[in-house]
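Structure, as structure tokens:
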Amino acid sequence: MEMSIHSMEVVNRLATHSARLSSLSSSSNNNNQVNDDDDVHALLHSEYIHLYISTCISSCEAMRYDRHLQNKSVRLVCVFLQSLIRNDILSVEDLFVEVQSFCIEFSRIREAAALFQLLKNQVNK
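Residue numbering for the sequence shown follows the working numbering, starting at 4 and increasing by one per position.
Next comes the structure, spelled out in structure tokens:
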């Protein structure tokens with residue numbers, strides 16, 4: 004899937020929906036002492052999310068022809084990644100090197116610097 008604001012929104016909502024289902028199921032399992040793992044199905048597999056993130060990063064890096072569009076795309080990707088990390092959908096360790104490299108490459112952009120800081124904080128926990 005190519006990167007666009009619409010595709011990011013779809014991936015974010017589907018991934019967030021999967022995470023909410025998991026947390027609702029685990030909280031109800033704790034209350035009822037019943038384990039119904041069959042009731043929870045992730046809408047997006049983690050490998051798909053990782054592949055999509057790699058595609059987004061590659062798309063941003065390839066937009067050298069239009070600096071304004073590149074900056075806008077980098078901001079969107081950074082906010083998208085922050086959302087996935089804060090909602091515990093994305094494990095920092097899984098894509099640390101790739102995302103860190105992305106943040107360093109675009110460190111002039113405020114959102115990339117904030118994402119880099121979030122990565123560092125998550126790793127130090």
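Where a beta carbon is used, it is the ideal one built from N, C-alpha and C, also for glycine. Source: prediction; values computed, not measured.
If we ignore side chains and look at the alpha-carbon of each, how far apart do residue i and residue j end up?
| i | j | result |
| --- | --- | --- |
| Cys106 | Arg89 | 17 angstroms |
| Ser86 | Thr58 | 17 angstroms |
| Arg111 | His20 | 33 angstroms |
| Asn38 | Lys128 | Because the pLDDT at Asn38 is just 42, under 50, the model does not fix this residue reliably, and the value given afterwards should be weighed accordingly. Looking at the two C-alpha atoms, the distance is approximately 30 angstroms. |
| Lys75 | Val82 | 11 angstroms |
| Ile115 | Ser49 | Sequence check: residue 115 is Ala here, not Ile. Approximately 23 angstroms between the Cα atoms of the pair. |
| Leu118 | Gln125 | 10 angstroms |
| Arg67 | Ser61 | 11 angstroms |
| Glu12 | Val77 | 15 angstroms |
So residue i and residue j are supposed to be a Cβ contact under 8 angstroms. How far apart are they, rounded?
| i | j | result |
| --- | --- | --- |
| Leu47 | Val95 | In fact, because the Cβ distance is near 18 angstroms, the residues do not count as touching under 8 angstroms. |
| Ile56 | Leu17 | Their Cβ separation, rounded to whole angstroms, is 14 angstroms, which puts Ile56 and Leu17 out of contact at 8 angstroms. |
For residue i, count neighbouring Cβ atoms within 10 angstroms of its own Cβ and tell me buried if that reaches 16, exposed if not.
| i | result |
| --- | --- |
| Leu54 | exposed |
| Ile92 | buried |
| Phe109 | buried |
| Leu72 | exposed |
Starting from the N-terminal side, write out each stretch of the alpha helix (DSSP H) that is 4 residues or longer and does not extend beyond the segment 46-125. 49-65, 70-89, 99-108
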